[in-house]
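Engineer: Okay, handing you the structure first.
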Amino acid sequence: MPRAGSLAKLVDAADSKSAGRKAIPVRVRGEPPFVRARAWASPLLAALSLIGAGCAQRGAPTAPPPPPPDCARPKILADVMNCRMKPFSQGKIPEAEIRATLVKLREAVPDPSWASGENGWPQIVDRMLSSHDYAAGCRECHRAYIQAYRKQYRDQPLEGF
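Heads up: take any position in the sequence shown, counting from 1, add 77, and you land on the working numbering.
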């Protein structure tokens with residue numbers, strides 16, 4: 078009578094021959110059980126994952142993606158960020174264009190109280206323009222204003238663009 082380990086190897090050999098694959102032993106001495114997959118396991122798992130993906134797609138409809146911003150005439154600050162600032166950080170637009178955008182942004186202060194003080198919106202933009210360190214200015218402005226801007230002014234149209 079064959080031992081249990083060799084019987085499993087024979088079953089695997091029969092399974093793999095029918096699938097046209099080389100036999101893979103189920104257990105090698107010193108390995109825990111089921112470390113190596115049987116020949117039928119991989120197609121079965123692939124079929125189950127496809128069934129699961131189909132069920133997930135038939136669920137509740139998702140919201141349509143937001144329309145892309147109109148980069149020729151940005152309406153809100155998010156459009157300016159996505160159409161001008163982001164491409165500049167990726168090296169896709171020249172520095173002269175970003176400087177012109179910053180000059181316009183300097184005047185587009187949404188809240189008059191943000192225009193005063195050393196860390197006011199216009200002062201941050203002025204430091205960006207004078208130092209040419211745009212990344213540091215972006216971080217400084219985001220730290221100071223992004224939360225309040227998102228809560229109060231996210232959908233407010235920008236003036237001057």
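Note that beta-carbon positions come from the ideal geometry of N, C-alpha and C, so glycine has one too.
Is it buried or exposed, P141, if we count other Cβ atoms within 10 angstroms and call 16 or more buried?
Structural biologist: Exposed, since its Cβ has fewer than 16 Cβ neighbours within 10 Å.
Engineer: Quick one: any contact between the region 192-202 and the region 146-164, if contact means 3 or more CB pairs under 8 angstroms?
Structural biologist: Cβ pair count under 8 angstroms is below three, so no.
Engineer: Measure the Cβ-Cβ separation of A177 and V186 and say whether it is below 7 angstroms.
Structural biologist: Not a contact, by the Cβ cut-off of 7 angstroms.
Engineer: If you run the structure through DSSP and keep just helix, strand and coil, what is I153?
Structural biologist: Reduced to three states, the DSSP call for I153 is coil.
Engineer: Taking just the CA atoms, how far does K228 sit from L206?
Structural biologist: Whole-angstrom Cα-Cα distance: 27 angstroms.
Engineer: If you count every other CB in all the chains shown that lies within 10 Å of the CB of V180, and 16 or more means buried, which is it?
Structural biologist: Classification for V180: exposed.
Engineer: For Y226, name the three-state secondary structure that DSSP assigns.
Structural biologist: Helix.
Engineer: Where do the ends of the alpha helix (DSSP H) carrying A177 lie?
Structural biologist: Per DSSP, A177 belongs to the alpha helix (DSSP H) from 172-184.
Engineer: Mapping the DSSP letters down to three states, classify H209 as helix, strand or coil.
Structural biologist: DSSP places H209 in coil when its eight states are reduced to three.
Engineer: Helix, strand or coil, according to DSSP, for R221 in the structure here?
Structural biologist: The sequence shown places Ala at residue 221, not Arg. Three-state DSSP puts A221 in a helix.
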